[in-house]
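Heads up, the thing below is written out as structure tokens.
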């Protein structure tokens, strides 16, 4: 995959915009955490917008949307994690004060947009994803499938 490199300070000052899709299998670190098949295409849609003076300094606004396939840590079946993320980055040489609303980036002649997107997705992913409703395999065990080996201990240590 072709790298997406920008001069982030100039990009913001010129109020440029780029948008597109990245196949998740080209994000190597992220792909290691996903349940990807060879035929499956999982796109990450992004839009990066530069602003000249949004926070009294140049800023970038990044929007990322994707649905990522992962394994449920409870039943080990595939499930989807739907992510819709928005980030604001202040571009300055000095770290701003304590603000949770905006992140900080140093000016870079060649900022790799794909790497920033991949970093943000890795931080947004749940550590141990599980289905919101009861898992199919777990329901089968409870309904008379295999006996839970810890069921015999239940109530023993009260």
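In the numbering used here, the protein residues as written are 419 to 576. The beta-carbon is built from N, C-alpha and C at its ideal position, and this holds for glycine as well.
Helix, strand or coil at residue 456 [DSSP, three-state]: For the purposes of this step, residue 456 is taken as residue 38 along the chain shown, with counting starting at 1. Looking at residue 456 - three-state DSSP - the assignment turns out to be coil, as it is neither helix nor strand.
Would you check if the distance between the CB atom of residue 539 and the CB atom of residue 462 is smaller than 8 Å? Here residue 539 refers to the residue found at position 121 of the chain shown. Here residue 462 refers to the residue found at position 44 of the chain shown. It is a contact, given that the beta carbons lie within the stated cut-off.
Mind checking who residue 487 pairs with in its DSSP beta bridge? Counted from its first residue, the chain shown places residue 487 at position 69. 498.
So, residue 430 versus residue 477, is the Cβ gap smaller than 8 Å? By 1-based counting over the chain shown, the position of residue 430 is 12. By 1-based counting over the chain shown, the position of residue 477 is 59. Yes, the Cβ-Cβ distance between residue 430 and residue 477 is below 8 Å.
Beta-carbon separation of residue 483 and residue 494 under 8 Å? Numbered from its first residue, the chain shown carries residue 483 at position 65. Numbered from its first residue, the chain shown carries residue 494 at position 76. For residue 483 and residue 494, no; Cβs fall outside 8 Å.
Given residue 545 as reference, the closest of 508, 489 and 526 once Cα atoms are compared: Here residue 545 corresponds to residue number 127 of the chain shown, with the count starting at 1. Distance check between residue 545 and each of 508, 489 and 526 places 489 closest, using alpha-carbon atoms only.
Determine whether the beta carbon atoms of residue 440 and residue 498 lie at a separation below 8 Å. On the chain shown, position 22 is the one that residue 440 refers to. On the chain shown, position 80 is the one that residue 498 refers to. Contact flag unset, no.
Applying the 10 Å Cβ sphere with the 16-neighbour rule, what's the burial state of residue 438? What you label residue 438 is simply residue 20 of the chain shown in a count that begins at 1. Label assigned to residue 438: exposed.
Determine the burial state of residue 527: buried for a count of at least 16 other Cβ atoms within 10 Å of its Cβ, exposed for fewer. By 1-based counting over the chain shown, the position of residue 527 is 109. With fewer than 16 Cβ atoms within 10 Å of its Cβ, residue 527 is classed as exposed.
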